[in-house]
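The sequence shown maps to residues 1 to 419 in full-length UniProt numbering.
Quick reminder that beta carbons are idealized off the backbone N, C-alpha and C, glycines included.
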Amino acid sequence: MYETLGERSETLDAQLDGFGELVLKHYRDIGQLGHPGVFSEEPCVVVGRIVLDAEASGPGVKLNEQSLILEGSRAHGDGLRVRLQLAPDLKIRGGYKGLGGVGLFPGAVVALKGRNGGGGYFIASEILAVPPMPASPALPSNLAASFDVCIACGPFTPDTDLNYTPWRSLINKLKASKPAVVLLLGPFVDATHSHIQDGKVDETPSEIFHRQFTDGLRDFLSLSPTSSVLIVPNVKDIISDHAVFPQCEFGYEFSGGDPRIRLLPNPARFALNGVSFAVCSIDVLYHLRKEEHYRRGEEIDSIVYEPEAASDPMSNLSRYILQQRSFYPIFPVSLDIAHEVNLDVSHSAELRVAESPDDPAPDVMVLPSRLKHFSKVVDNSVVVNPSFLTKGTYATLTYSGQGTGFPKDRISAEIAKLS
1 MYETLGERSE TLDAQLDGFG ELVLKHYRDI GQLGHPGVFS EEPCVVVGRI
51 VLDAEASGPG VKLNEQSLIL EGSRAHGDGL RVRLQLAPDL KIRGGYKGLG
101 GVGLFPGAVV ALKGRNGGGG YFIASEILAV PPMPASPALP SNLAASFDVC
151 IACGPFTPDT DLNYTPWRSL INKLKASKPA VVLLLGPFVD ATHSHIQDGK
201 VDETPSEIFH RQFTDGLRDF LSLSPTSSVL IVPNVKDIIS DHAVFPQCEF
251 GYEFSGGDPR IRLLPNPARF ALNGVSFAVC SIDVLYHLRK EEHYRRGEEI
301 DSIVYEPEAA SDPMSNLSRY ILQQRSFYPI FPVSLDIAHE VNLDVSHSAE
351 LRVAESPDDP APDVMVLPSR LKHFSKVVDN SVVVNPSFLT KGTYATLTYS
401 GQGTGFPKDR ISAEIAKLS
């Protein structure tokens with residue numbers, strides 16, 4: 001990976017300016033954005049990025065009320081950083097009713113109303129919720145558009161051996177159920193596996209992949225010739241030529257030359273019969289939970305959502321990704337998990353959940369994590385955490401083409417067990 005400080009700075013600055021435009025478009029009474037570092041007698045609205053004050057908090061300490069810093073863009077803040085204080089009577093404007101607060105973490109882009117009264121602090125009296133992604137349009141009734149998907153995430157073999165027993169069990173289930181689409185997320189041949197690190201292998205990593213996955217998938221496709229397989233890599237995959245995030249797809253040779261085996265980047269966006277998917281193999285949910293500081297406040301001008309917006313911890317973590325429009329909104333990555341990401345900030349455009357900030361939310365978002373597996377509707381998306389196959393779980397998803405309504409209302413997703 002090679003990126004200059006200038007490239008990184010320009011990318012981060014462009015993100016702030018883009019969110020500033022989004023906020024001005026949504027909150028039409030703002031008029032213009034203010035400068036968080038300039039003294040002001042009247043309250044103003046500013047847009048900036050949350051930064052952890054490492055000097056104030058010490059090494060290894062997560063974000064808290066005493067370590068908040070706000071970084072502005074060059075256009076609306078001269079790129080300066082200013083200490084941030086949240087008022088005791090903080091208000092949350094424009095969020096979903098019933099959430100009761102907002103999550104803050106390093107890298108989060110926020111809109112705040114308050115003032116800089118001198119002393120080097122911006123005191124926020126309100127947090128303006130980032131405008132939610134709209135729902136995708138309703139799809140017409142078409143029974144032929146129905147499909148089912150099996151979703152599994154690596155590791156596909158325990159760290160004690162390279163026998164790939166969980167994967168072999170899944171292949172047998174695939175041969176029996178014959179889903180229309182199989183979505184597999186890496187790591188497939190994990191560079192951190194104990195046998196690979198200790199050299200206890202008699203095959204090259206490519207040979208392991210072909211023997212376990214290419215051959216196994218060919219057997220499945222011979223029994224289910226109309227099915228398709230989608231493969232998404234992970235930065236831990238030793239067979240990948242690009243071990244940074246965002247990450248390009250595997251080389252063509254790993255498809256075995258079969259057009260039904262399609263190689264996708266990480267993260268990936270695609271559509272199946274009009275249903276949009278957003279998929280990422282990095283454990284962003286765990287990373288967000290590790291970095292999150294949740295701040296409660298009084299709700300004002302809230303969005304009423306029917307049924308009431310889910311407010312459990314997993315829904316909130318998933319919502320951060322949708323609100324920030326990014327598969328990995330954390331910046332910088334903390335040192336203890338940096339090796340799991342190898343984040344390439346200068347290519348952050350490839351981390352966008354949608355092509356543009358105004359585009360609809362994905363109908364399905366797949367976010368595998370070491371956190372407890374789940375499948376639930378979060379705002380306008382069905383979010384699935386299938387966990388890891390070595391934990392004995394995977395996910396099944398069914399879309400009903402018959403009927404009318406939004407895709408999320410016609411999707412059924414469940415967590416299944418290998419045994």
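Worksheet item: Shortest alpha-carbon distance to H373 belongs to which of S318, S348, E350 and R352?
Response: Out of S318, S348, E350 and R352, S318 has the C-alpha closest to the C-alpha of H373.
Practice prompt. Could you have a look at F105 and say whether DSSP puts it in helix, strand or coil?
Written response: coil
Worksheet item: If you check the beta carbons only, do A395 and S381 fall under 8 Å apart?
Response: no
Worksheet item: Can you check whether the CB of P265 is closer than 8 Å to the CB of L246?
Response: This sequence places Pro at residue 246; Leu is not what is there. Against a cut-off of 8 Å, the Cβ pair of P265 and P246 comes out as a contact.
Worksheet item: Would you say the segment 150-166 touches the segment 116-125, given that touching needs at least three Cβ pairs under 8 Å?
Response: no
Worksheet item: In whole angstroms, what separates the C-alpha of L322 from that of G100?
Response: 18 Å
Worksheet item: Can you give the Cα-Cα distance for M1 and K97, rounded to whole angstroms?
Response: In this prediction, M1 scores a pLDDT of 49, lower than 50, which makes its location untrustworthy; the coordinate-derived value is nonetheless stated afterwards. Their backbone Cα atoms lie some 43 Å apart in a straight line.
Item to complete: Report the three-state DSSP secondary structure of H293 (helix, strand or coil).
Response: DSSP places H293 within a strand segment (E or B) once states are collapsed to three.
Worksheet item: How many angstroms separate the CA atom of Y164 from the CA atom of I30?
Response: Between the C-alpha atoms of Y164 and I30 there is a straight-line separation of about 57 Å.
Item to complete: Identify every residue that forms a DSSP beta bridge with A271.
Response: S276
Worksheet item: Quick one: what does DSSP say A416 is sitting in, helix, strand or coil?
Response: strand
Fill in: Identified DSSP bridge partners for L343
Residue pairing from DSSP places L343 in a beta bridge opposite F245.
Worksheet item: Considering only C-alpha positions, which residue in the set H26, T398, P329 and I282 is nearest to S369?
Response: I282
Practice prompt. Note down, in chain order, each residue of its chain lying with its Cβ closer than 7 Å to the Cβ of S315, except the 5 sequence neighbours on either side.
Written response: K376 and V378
Worksheet item: Ends of the alpha helix (DSSP H) at R74?
Response: R74 to G77
Practice prompt. Identify whether Y164 lies in helix, strand or coil by the three-state DSSP scheme.
Written response: Three-state DSSP puts Y164 in coil, outside helix and strand.
Worksheet item: To which residues does DSSP link I92 through a beta bridge?
Response: I127 and E299
Worksheet item: Three or more beta-carbon pairs under 8 Å between the segment 263-279 and the segment 210-224, yes or no?
Response: no
Item to complete: Reducing DSSP to helix, strand and coil, say where G392 ends up.
Response: coil
Fill in: Same chain, Cβ closer than 7 Å to A145, five either side skipped, listed in chain order
Excluding positions up to five away in sequence, the list reads N273, G274 and G401.
Worksheet item: Is N266 helix, strand or coil by DSSP?
Response: strand
Item to complete: Could you tell me how far apart the beta carbons of V279 and L185 are, in whole angstroms, since I believe they sit closer than 8 Å?
Response: With 8 Å as the limit, V279 and L185 qualify as a contact, their Cβ atoms being about 7 Å apart.
Worksheet item: Given S255, which residues of its chain have a CB within under 6 Å of its CB, disregarding the five upstream and five downstream residues?
Response: Closer than 6 Å at Cβ, skipping near neighbours: I261 and L263.
Worksheet item: So what's M1 in DSSP terms, helix, strand or just coil?
Response: Only weak support is given to the placement of M1: the predicted model assigns it a pLDDT of 49, under 50, and the question is left unresolved by the model.
Worksheet item: Under the DSSP definition of a beta bridge, which residues are partnered with L185?
Response: C153 and V232
Worksheet item: Who are the Cβ neighbours of A253 in its own chain at under 8 Å, not counting the five residues just before and after it?
Response: For clarity, residue 253 is Glu in the given sequence; the question names Ala instead. If we look at E253 and ignore the five residues flanking it on each side, its Cβ neighbours are S206.
Worksheet item: Buried or exposed: P259, going by 16 or more other Cβ atoms within 10 Å of its Cβ?
Response: exposed
Practice prompt. Keeping to the same chain, check which residues put their C-beta closer than 8 Å to that of G18; ignore five residues upstream and five downstream.
Written response: P357
Worksheet item: Does the beta carbon of Q324 fall short of 7 Å from some heavy atom of the ligand ZN?
Response: Although the ligand ZN was asked about, the structure shown includes no ligands whatsoever.
Practice prompt. Please classify H242: is it buried, with 16 or more other beta-carbons within 10 angstroms of its beta-carbon, or exposed?
Written response: The residue in question, H242, is buried, as its Cβ has 16 or more Cβ neighbours within 10 Å.
Fill in: Simplified DSSP assignment, three categories, for N116
coil
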